[in-house]
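Residue numbers in the sequence shown follow full-length UniProt numbering, run continuously in steps of one, and reach 67 at the last position. Every residue gets a Cβ at the ideal spot worked out from N, C-alpha and C, and that includes glycine.
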Amino acid sequence: MNIDRIVFAVAGCFVLVSALLSVYHHPNWLYFTGFVGLNLFQAAFTGFCPMAMILKALGVPPGEAFK
């Protein structure tokens, strides 16, 4: 598994879990959902992704999106 797949999988899990928490626990969880979405949006244009940097430091092989 490479950095790209891990980043997308974790981001997708964060969005799903925070959306469910906003429904079943408290609506303020939508702020976290928005934060994840904005981070994905800026990463699409800049290529800067904090999680990708952490995974690279841990020795996970790179993919095509985050080099």
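Can you give me the start and stop residues for the alpha helix (DSSP H) that Gly34 sits inside?
Counted from its first residue, the sequence shown places residue 34 at position 34. From DSSP, the alpha helix (DSSP H) with Gly34 extends over 29-46.
Please check the pair Val7 and Ala52, which I expect to be a contact at CB under 8 Å, by giving their CB distance rounded to whole angstroms.
By one-based count along the sequence shown, residue 7 stands at place 7. By one-based count along the sequence shown, residue 52 stands at place 52. Their Cβ separation, rounded to whole angstroms, is 5 Å, which keeps Val7 and Ala52 in contact under 8 Å.
Once the 5 residues before and after Val60 are set aside, which same chain residues still bring their CB inside 6 Å of it?
Walking along the sequence shown from the start, residue 60 turns up at place 60. Excluding sequence neighbours, Val60 sits near Ile3.
Between Leu58, Cys49, Tyr24, which has its C-alpha nearest Phe35's C-alpha?
The residue labelled residue 35 in the question sits at position 35 within the sequence shown. Among Leu58, Cys49, Tyr24, the Cα nearest to that of Phe35 is on Cys49.
In the DSSP assignment, find the unbroken alpha helix (DSSP H) run with Met51 in it and report its ends.
Reading the sequence shown from its first residue, position 51 is the one you call residue 51. From DSSP, the alpha helix (DSSP H) with Met51 extends over 50-57.
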